[in-house]
Every structure is written in structure tokens, then in C-alpha cells.
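Following: one structure in C-alpha cells, then a few remarks.
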Amino acid sequence: MLETQKLNKSYGANRALTDVDLKVSKGVIFGLLGPNGAGKSTLIRIINQIIDADSGQVLIDGKPLAPDHISQIGYLPEERGLYKKMKVWDQMIYFARLKGLSQHEAKTRIKNWLDKMEMSTWREKKIEDLSKGMAQKVQFISTIIHNPPLLILDEPFSGFDPVNAEIIKDQILELKKQGTTVILSTHRMESVELLCDQVAMINKSHKILDGTIRQVKNSFRPEVFHVTVENPVKEIPAEWTAKEDEGAYHFTLPLSGKHPNELLEELMDYGQISRFQEVIPSMEEIFIHQVKSTHDE
Amino acid sequence: MNKIWLVMQREYLARVKKKSFLLATLLTPLIFPAIMAIFVWIAMEEKDNQSLRIIEVVDENKLFFLESSDQYAFSFSDRSDEEAKDLVKNGDRYGFLHIPKFDLENPKGITFFGEENPNMNLMSYLESSLKKKIEDQRLYESGIDPQLISDIRTKVDIKSITVNEQGEEKVSNATVNYAIGFVAGILIYMFIFIYGNQIMQGVIEEKSSRIVEILVSSLKPFQLMMGKIVGIAGVGLTQLLIWIVLVGGLTTLVTGYLGMQMPQQQAMEMAQVGMEQIPDSGVSEILQVINGIDFVTLVLCFVFYFLGGYLLYGALFAGIGSAVDAPSDAQQFMLPVTIPLIVSYMGLFVFVLQDPNSTASFWLSVVPLTSPIAMMGRVSFGVPFWELALSMILLILGFLGTTWLAGKIYRIGILMHGTKPSYKTLWKWIKTNN
Chain A
1 MLETQKLNKS YGANRALTDV DLKVSKGVIF GLLGPNGAGK STLIRIINQI
51 IDADSGQVLI DGKPLAPDHI SQIGYLPEER GLYKKMKVWD QMIYFARLKG
101 LSQHEAKTRI KNWLDKMEMS TWREKKIEDL SKGMAQKVQF ISTIIHNPPL
151 LILDEPFSGF DPVNAEIIKD QILELKKQGT TVILSTHRME SVELLCDQVA
201 MINKSHKILD GTIRQVKNSF RPEVFHVTVE NPVKEIPAEW TAKEDEGAYH
251 FTLPLSGKHP NELLEELMDY GQISRFQEVI PSMEEIFIHQ VKSTHDE
Chain B
1001 MNKIWLVMQR EYLARVKKKS FLLATLLTPL IFPAIMAIFV WIAMEEKDNQ
1051 SLRIIEVVDE NKLFFLESSD QYAFSFSDRS DEEAKDLVKN GDRYGFLHIP
1101 KFDLENPKGI TFFGEENPNM NLMSYLESSL KKKIEDQRLY ESGIDPQLIS
1151 DIRTKVDIKS ITVNEQGEEK VSNATVNYAI GFVAGILIYM FIFIYGNQIM
1201 QGVIEEKSSR IVEILVSSLK PFQLMMGKIV GIAGVGLTQL LIWIVLVGGL
1251 TTLVTGYLGM QMPQQQAMEM AQVGMEQIPD SGVSEILQVI NGIDFVTLVL
1301 CFVFYFLGGY LLYGALFAGI GSAVDAPSDA QQFMLPVTIP LIVSYMGLFV
1351 FVLQDPNSTA SFWLSVVPLT SPIAMMGRVS FGVPFWELAL SMILLILGFL
1401 GTTWLAGKIY RIGILMHGTK PSYKTLWKWI KTNN
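Chains as they are written, first to last, in the working numbering: chain A, 1 to 297; chain B, 1001 to 1434.
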């Protein structure tokens, strides 16, 4: 669906992107991760043709980015706004038409969306009379009104209360089901694990990792297991620093080059094993670890 | 192009639909006549309510006489300085005019004492009366009868006719041309300022409310800028059109009303007399002058300079708006925009309307930043074709130039937040290519 090749961009002496290669497959939710100022927004702006890259190129379905692609992308920026004095309906028509929909098409689709989201009664209200969450919904619908095959959402959940965030999350999943490719830029790791199929992480203008969630997690496995032994028949070695809780002993053991089954066999001598579970890092832990380690360089 | 049209429509409708637009459009043509009416009324009231001011005159020459008026009465006496000044201090007299004994060839030492600063009117009345009396006296002494001078005095009005290359003759009148140039110049000046500011406010609104990021993902910043500028121009033209209709309608109504007041026959006579019997009378001359003005050229020029000036400055206002986060920050960049505007405004009065064909007038009406206002001051006087063409071509080039410049600032400026740019950063933006 989307591919970037050796993208470079700098603002004066500051490098925003250095040789960034990305590959986003069709129909996935792609998490674009990275701390503030890493270069995510620059990348997104380049894909949206708001700014040009210094070098490198962006391909959409194999073709270099062109002005026609504007109608195929839906973009919800992190910093977003609506005309306060404009009515909901007029505003949505305006955005839809700027994306290339005809007047008639825009009207039909907006009407359907307003009905679907139970917002029909707000039609004639001005944005300044809506609550923040309501305005965010208007904004979200405006972003997807032209059924873009590629959707770029920058921190889509910020500003939503949990109920509305859930509604938006369901809409994103629904769109994915219909075949939309979604690029989700966020630093909320819980939503990344929940939603994303693929991720890429950018820090200090470089892409520092990418792959499916599973691949990323696997590559960061510390090869350590959580173990619980109930009522041990043998003394647990002191260097394992086990914690005892009503006869159950909890501790973590590294594989140290063994196969997990070998380790499990060894452990079975100590008594009944009620837990033998590999430690899988959360995306959050990987994120923090990676940002810190590139920071130290 | 389609997207520029969409932006234009939005900018136009968002403003025209507002109640404030309707109010401003309907009330403005009434405000100026209303303010003038209030001034006239205040002046009349003042005149009515004013008590008679008595001025003590001590003339040691026993020569002068001053005529009393509604406002001032003159009392002649031989009182000493101290006595007269006491009268002023007590409030019995408004002022005291002391005319010491002097040589008529060298009148000196005339003094006015008053509790407050006397107004200009009174002083000039006193000065001219004394001057006239002294002059008459001196004429008399040299053996010339002042009556003779008065008989010789003649009123002369020069009728001015311009001859163009085709040999056509036109009656012209400096006052009428002055008035047309004055009104047209001021209108353009006001329009540029008011609507230029609206462009700037609009850009700042989009930028500070972060709508712009969504917009520029759908269209080019340049399209957005042009749509806004042209859309707001539409608002201005609409307003102007409504004013023309309104003022035209009001004038017809008022003249119609006045016409009804006047007995039919008298009005007819006046019209006939004016047009045929005495073709040299003042009213008919003005009519002739107005007939002589090429209104088609005038209106076309007005629309051209009106739009040209607005577009030229509008682009600059858009550029400034894009560079700042809040209207208050815009002040620092306003100078390059306001200075040429003020220069053309001042130039209109100091050079153009005084002498439309001077070198200063020529340059003011040719340089694109000042030409919209200055040239409109000249058009009604008649401008050589090549000068008009040069000025128009330069204005179009100037507009393309400022738009290019503003576009460069705009596309970077609208995405910049939180930094206060300086002229140096603006220059850097202009130089960057993407």
C-alpha cells in the first residue's frame, strides 16, 4: 500500500528524517511510534504532501506520490481544529468537497454518517456550541468521509473521553475490516498493542525498529521465565531469590542457553509447577528501553 | 482551480451571512451624513445660544470703526489701559482692543487683551477690518478715492477647457475633479485597510485554531491563500455595490423630495435657465463638467485600481497573518504595509490633487505600492494613455510579485507555531525552495 524509500528531511541544521524506509501492507493498522520530536509528524506531513522530502520517495500502490493521491488519503492531524463559527453540516460539506467529493455525494454520505453516529440533531449547530468530544467526532467523520483507502491518524484518541474513544476505536476496526489501511501515530502503547498489526519506531530521525507486534516482541524477549512452584519437595536455591506466599514460591529464571523444556524438566524435580511462563515485554517497555538506549548513544 | 473556488465560496458566505456585515453595510452610508448633521446642528446651537460678547475698543487715533455683529459688539471709549483691563477681569467685557497712536505707514502696537484665547474668527475679523481701514485711509491721503478702487474691482472666473489629441474640447473644473479624485482615493485606501485586515485575521484564525493542517492536506497553501483573498474581495465588492445602490436610491429620494417642495414651474424655469439661457452660470458649468467626464473610463479605472490595490496589499496581509500566531504579534510586520499606504494617502493630498501632472504625482501614480490611491486622484483630471498603461502594467506585475512573495512566506508560516519570526526568518522562508 505505502512504501517510503530513503526519506530524508532536515530543517536547517536539524535532521527530522534520516534514510527512513517503511513498508505498510494493505489492510493493516500500522503503528508509527516514537517520542515527541522524533520525526513522526514530518513523515506524516510528507506523505500528505504538505511538505516535500529533501530526498527519497514515497510510493502509494507502487506509484510515486502525486497530487491525485490527496483524495485517497484521510488525515487527522494531532493539532486539529474546525471553524468555530461554522455549522456542523456546512463544515463537513466543505471538507468533503475539498477532498474531491461532489456536492450531491458529500450530502448523502454526511447524512448517513450523522445518522449512524446519532448526531443528526447537531446539523445546524455551530462548532463553538458543541462539547469538545462532539467536535472531535465531527472532525473524525470529516477525515473519513471520502472513504480513503489510506487513513493517517495522529494521536486519534487524545481529547476523547473513554466512551467516545471506544466508539472511535470501533470505527477504526470497522474501517480495517472494510480494507482500509490505517497509519496510527501515537505514544499510547496500550492502544498500539490492542489495535496495531505492524509497527515502526522512529527516534531522532532514524527508524530504529519495525515489524509485526509479534516480531518486535520476539526480538526483545529477554529469554526469562516466570516460575511458581507449589509446596516444594526440595530446597529452592537461595540465588533464585524466590518469594514465598502461602507455600507457593515465585521466581524468575533465565534460560541461559537451554531449551525451555530442559529448564522445565529441571524445575519439575522441585515440586508441582503451577506456572511456567516466558516473560514477554510490553510495547511500552520496548518503547522506553529503545528510546533510552538510542538516547545514550 | 476548483478548490480555489470552494475556498472562495466559503470565505465569501461566511462573511456575507454574518449579521455584522449586514449592519455595517446598511449603517455606514448613513453614518457619515449623520455625523455631519450632528456637527452642523451643534454649530447652529452654539450660535443661537451664544451671548453677545462686548469688546472695549480704545482707539487713540480716533480713526477706526468696527461693525458690531450677532456675536460681537464694540464699545468705543477713552478709558485708560488699567480701567479697560479691569472691565475684562470683572467679566463686563469679553476683551479689550488697544489701538495706540501710530503712523499709518507703519501700524504697530495693536493689542488685544482677553481672559481666554480669542478665537480665529474674531482675530481675522479684527485684522481685516483694521487693514481695510488703514488701506482706505492711505489711498485717500494719496489722493485716490477708495470708491474708485471698489468700482474697478472685478470678479474673474477662468473656464478651463482641455483639448485632447483628437481635438475634442472638454469643459473641466478643478474642484469637481478634485472631489472625484479625493473620494475615489479615500475609498480605495479604506477598502485596502479594512479588507486587508480581514484577510490577516482570517489567516490567523485558521492558523491558531489549527484548521490549516487539515486544509493543506487537501489543497496547496497557495490555493488556500488565493481563495481567501479573492473571496474577501467578493465581500468588498458586494458591500460597495450595495452602497452604490443605497446612496443612489437615497439621493434620488432626497432630490425627489426637494423637487416636490419646489413649485413645479419654478423648478422648470430654473432648469431651463440653467441649461440654455445663461450657459455660463455656475450650476450649468458644473453640469457641463460632469457631462464632460468620461465616466466609463473613470469607473473602469476605479474598479481596476480598487481590485489591483486590494490584491497587491491583500497578499502582503495574508503573508503577515501566516507568519504570526496572534493579531498582536502582527504589529511588528505591519510597517512595510502601512508606510506605502500612508505615503500614497498623504501624496494624494500634498501632490496629486494639487498638481496632477507634477513629477511627484507621476511617480506616485506609477509605482505599484502607491499607484492605486494616487492614480485615482489623477484619473478624473485626465491622464495620458501611456502613463495609465504603464501604471496598470506595473500594478499587475506588482500584484504578481507580492503574491509570489507572500506565497513563499505563507506556505511555511502557516505550519509554524510558537516561534516569533523576525524579518530575517521571513527572508529565509522566501529563499527556501520547498
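C-beta atoms are modelled at their ideal positions from N, C-alpha and C, and glycine is treated no differently. Just so it is clear, the structure is predicted and the values come from calculations on it, not from any experiment.
For residue i, go through chain A and note every residue whose CB falls closer than 7 Å to its CB, in chain order.
{"i": "L1426(B)", "result": "Per Cβ cutoff of 7 Å: no residues; L1426(B) is ~15 Å from chain A at best."}
{"i": "K1003(B)", "result": "L98"}
Going by DSSP in three states, residue i sits in which element: helix, strand or coil?
{"i": "V1296(B)", "result": "helix"}
{"i": "Q1331(B)", "result": "helix"}
{"i": "V1324(B)", "result": "coil"}
{"i": "P1107(B)", "result": "coil"}
{"i": "H289(A)", "result": "helix"}
{"i": "G1274(B)", "result": "Since pLDDT at G1274(B) reaches only 45, below the 50 mark, its modelled position is unreliable, and the value read off the structure follows with that caveat. Here G1274(B) sits in helix by DSSP."}
{"i": "I29(A)", "result": "strand"}
{"i": "H187(A)", "result": "coil"}
{"i": "T1402(B)", "result": "helix"}
{"i": "M1120(B)", "result": "helix"}
{"i": "N112(A)", "result": "helix"}
{"i": "P254(A)", "result": "strand"}
{"i": "Y75(A)", "result": "strand"}
{"i": "R45(A)", "result": "helix"}
{"i": "F1096(B)", "result": "strand"}
{"i": "T212(A)", "result": "strand"}
{"i": "F1102(B)", "result": "coil"}
{"i": "H206(A)", "result": "strand"}
{"i": "N36(A)", "result": "coil"}
{"i": "A1267(B)", "result": "At A1267(B), the pLDDT of 49 sits below 50, so the modelled position is not reliable and the matter cannot be decided from this model."}
Can you tell which of the options has the C-alpha that lies nearest to the C-alpha of residue i?
{"i": "D52(A)", "options": "L1148(B), S1422(B) and R1411(B)", "result": "R1411(B)"}
{"i": "S102(A)", "options": "L1006(B), S1124(B), G1091(B) and F1065(B)", "result": "L1006(B)"}
{"i": "L1241(B)", "options": "Q1198(B), F1302(B) and I1211(B)", "result": "F1302(B)"}
{"i": "Q136(A)", "options": "K204(A), E285(A), M119(A) and S41(A)", "result": "M119(A)"}
{"i": "D155(A)", "options": "I144(A), I183(A) and E174(A)", "result": "Rather than Asp, the amino acid found at residue 155(A) in this sequence is Glu. Comparing Cα positions, the closest option is I183(A)."}
{"i": "E285(A)", "options": "K85(A), Y270(A), F220(A) and G271(A)", "result": "F220(A)"}
{"i": "K243(A)", "options": "M201(A), L76(A) and T228(A)", "result": "T228(A)"}
{"i": "I1409(B)", "options": "P1107(B), F1193(B) and F1317(B)", "result": "F1317(B)"}
{"i": "Y1178(B)", "options": "G1398(B), F1349(B) and L1397(B)", "result": "F1349(B)"}
{"i": "P152(A)", "options": "F251(A), P77(A) and Y270(A)", "result": "Reading the sequence as shown, one finds Ile at residue 152(A) and not Pro. The residue with the shortest Cα to Cα distance from I152(A) is P77(A)."}
{"i": "K63(A)", "options": "V88(A), M1(A) and K99(A)", "result": "M1(A)"}
{"i": "V1299(B)", "options": "M1375(B), I1199(B) and K1132(B)", "result": "M1375(B)"}
{"i": "A106(A)", "options": "L255(A), T294(A), E79(A) and I141(A)", "result": "I141(A)"}
If we count the other Cβ atoms within 10 Å of its Cβ and call it buried at 16 or more, is residue i buried or exposed?
{"i": "I1339(B)", "result": "exposed"}
{"i": "R45(A)", "result": "buried"}
{"i": "K1295(B)", "result": "The displayed chain sequence assigns Phe, not Lys, to residue 1295(B). The residue is exposed, with fewer than 16 neighbouring Cβ atoms inside 10 Å."}
{"i": "T241(A)", "result": "exposed"}
{"i": "T1175(B)", "result": "exposed"}
{"i": "W1429(B)", "result": "buried"}
{"i": "E278(A)", "result": "exposed"}
{"i": "V291(A)", "result": "buried"}
{"i": "D1280(B)", "result": "Confidence at D1280(B) is low in this model, with a pLDDT of 49, below 50, so the placement of that residue is unreliable and no value is reported for it."}
{"i": "V138(A)", "result": "buried"}
{"i": "N203(A)", "result": "buried"}
{"i": "G1202(B)", "result": "buried"}
{"i": "S1217(B)", "result": "buried"}
{"i": "H69(A)", "result": "buried"}
Run down chain B in chain order and give the residues with a C-beta less than 9 Å from the C-beta of residue i.
{"i": "Y75(A)", "result": "E1213, I1214, S1217 and S1218"}
{"i": "M86(A)", "result": "R1010 and A1014"}
{"i": "I70(A)", "result": "S1217, S1218 and L1219"}
Identify the contact partners of residue i in chain B, using a Cβ-Cβ distance below 7 Å as the criterion.
{"i": "G81(A)", "result": "S1209, R1210 and I1211"}
Since residue i and residue j should fall inside the 8 Å C-beta cutoff, what is the C-beta to C-beta distance between them, to a whole number of angstroms?
{"i": "M1392(B)", "j": "F1304(B)", "result": "6 Å"}
{"i": "V1352(B)", "j": "G1181(B)", "result": "7 Å"}
{"i": "D115(A)", "j": "G133(A)", "result": "That belief does not hold up - the Cβ atoms of D115(A) and G133(A) are roughly 19 Å apart, past 8 Å."}
{"i": "Q198(A)", "j": "G211(A)", "result": "7 Å"}
{"i": "P1368(B)", "j": "L1341(B)", "result": "With 8 Å as the limit, P1368(B) and L1341(B) do not qualify as a contact, their Cβ atoms being about 12 Å apart."}
{"i": "I1099(B)", "j": "V1058(B)", "result": "7 Å"}
{"i": "F1113(B)", "j": "F1096(B)", "result": "4 Å"}
{"i": "I1214(B)", "j": "G1321(B)", "result": "Contact doesn't hold; Cβ gap of about 18 Å is too wide."}
Residue i touches chain B at which residues, Cβ-Cβ below 8 Å?
{"i": "N147(A)", "result": "Going along chain B, no residue has its Cβ under 8 Å from N147(A), so there is no contact; the nearest lies around 15 Å."}
{"i": "Y94(A)", "result": "L1006 and R1010"}
{"i": "I50(A)", "result": "E1213, V1216, S1217 and L1415"}
Who are the neighbours of residue i on chain A, taking C-beta pairs under 8 Å?
{"i": "K1408(B)", "result": "By Cβ distance, chain A contributes nothing, its closest Cβ being about 14 Å from K1408(B), past 8 Å."}
{"i": "L1030(B)", "result": "Residues of chain A passing the Cβ test: none, with the nearest at roughly 27 Å."}
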